[in-house]
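Shown next, in structure tokens, is the structure this report addresses.
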Amino acid sequence: MDYEAFANNYPVMQWERGYIIDASVDRLTRTWDRQGKILIPGYGRGGTMADLRLRWFGNYFGIDLNLAALKSGRLENRLVQGDINKMPFQKDSFDYAVIEDVFQDFGSFDKLVDALKSVAAVVKNKGQILLVNPTAESYTVETKMFDCSVFPENINAARLGMGREVRGKMKTVSPGGERIEFDFIDHTWRDKDLEKAIKLAGLRRLAKERPKARDDSKLPEWLGVHDWISETKTAPWVIYLLEVDK
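Using my numbering, read the sequence shown as starting at 6 and increasing by one per residue.
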């Protein structure tokens with residue numbers, strides 16, 4: 006993926022995602038202690054932290070392999086370069102963890118399970134983990150921000166799941182109004198793949214949601230909300246609320 010292009014347009018992408026999943030995230034984290042210590046694996050530029058900060062959470066610690074992403078993020082004194090599978094934190098260091106848009110970079114089921122175990126190890130017993138991941142079917146359609154329908158091989162990959170490679174085109178508009186498109190490669194996981202990994206990692210599923218975009222077709226066009234193509238019919242993300250059970 007073209008990281009610079011991705012990074013420059015990340016705020017727009019965060020808004021698009023939030024439009025769909027905000028209500029679910031609010032609902033699933035409603036009982037979380039606002040002063041609880043939160044680990045964010047795959048922190049990147051801090052989009053997940055920004056999402057949660059809007060909900061008045063404040064005690065964040067992020068880890069990511071991408072040093073350039075960390076340097077461009079926020080809360081630098083709370084950021085650590087490291088591997089989600091080799092946590093540089095002591096056991097039971099956190100009350101919660103948020104794993105959002107991370108596992109599409111994993112092509113190995115065993116590594117996915119290991120990553121969940123690694124995160125669970127540093128979260129306290131009965132602590133909770135919010136897991137947000139792209140759905141398999143989202144890699145077969147065109148959406149407002151991404152077009153995966155131009156790669157027919159994605160259909161079989163999404164059907165089989167288990168980390169198979171899928172391709173897509175990101176499409177957005179720069180702050181200056183320039184149309185930007187670039188290709189990306191992800192790995193797709195079906196719900197049942199994730200649920201198998203969750204079970205093998207010793208985590209308990211408390212809730213699962215597959216939110217879709219609202220149908221804004223009846224609103225005035227000037228609001229700019231008529232660009233949703235399939236998000237009202239296909240859930241772009243699946244969200245799990247998990248409990249650590251040691």
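No residue lacks a Cβ here, since even glycine has one placed at the ideal position from N, Cα and C.
Source: prediction; values computed, not measured.
Open item on the list: I need the straight-line Cα distance from E147 to F189, nearest angstrom please.
Closed with: Near 14 Å, if we compare the C-alpha coordinates of F189 and E147.
- [ ] Consult DSSP for D100 and reduce its assignment to one of helix, strand or coil.
- [x] Here D100 sits in strand by DSSP.
Open item on the list: Just to check my reading of the structure: S113 and G168 have Cβ atoms closer than 8 Å, yes? What is that Cβ distance to the nearest angstrom?
Closed with: For S113 against G168, the beta-carbon gap comes to about 6 Å, under 8 Å, which counts as contact.
Task: Identity of the residues DSSP links to M175 by a beta bridge - done: Assignment of beta-bridge partners to M175 by DSSP yields F151 and F187.
Task: Under the three-state DSSP convention, the category E142 falls into - done: Judged by DSSP in its simplified three-state form, E142 adopts helix.
Open item on the list: Between the alpha carbons of Y8 and F187, how many angstroms are there, rounded?
Closed with: Low confidence applies here, because Y8 scores a pLDDT of 48, under 50, leaving its location unreliable and the question unanswered by this model.
Open item on the list: Quick check on D7: does DSSP put it in helix, strand or coil?
Closed with: Bear in mind that a pLDDT of 48 at D7, under 50, signals an unreliable position, so the model cannot answer this.
- [ ] Please classify M6: is it buried, with 16 or more other beta-carbons within 10 angstroms of its beta-carbon, or exposed?
- [x] With a pLDDT of 45 at M6, under the threshold of 50, the predicted position of this residue should be treated as unreliable, though the coordinate-derived value follows. By the neighbour-count rule (16 or more Cβ atoms within 10 Å), M6 is not buried but exposed.
Open item on the list: I'd like to confirm the pairing. Which residues does DSSP put opposite Y24 in its beta bridges?
Closed with: Paired residues: none, contrary to the question.
TODO: Would you be able to state if there are at least three C-beta pairs under 8 Å between the segment 150 to 163 and the segment 118 to 128?
DONE: Here the segment 118 to 128 does not lie against the segment 150 to 163, with fewer than 3 beta-carbon pairs under 8 Å apart.
Open item on the list: Rounded to whole angstroms, what is the Cα-Cα separation between K217 and D250?
Closed with: Rounded to whole angstroms, K217 to D250 spans 30 Å at the Cα level.
Task: Terminal residues of the alpha helix (DSSP H) in which E158 lies - done: E158 to L165 is the span of the alpha helix (DSSP H), which, as asked, contains E158.
- [ ] Would you check if the distance between the CB atom of I89 and the CB atom of L208 is smaller than 8 Å?
- [x] The Cβ atoms of I89 and L208 lie no closer than 8 Å to each other.
Open item on the list: Buried or exposed, going by whether 16 or more other CB atoms sit within 10 Å of the CB of N161?
Closed with: It counts as exposed.
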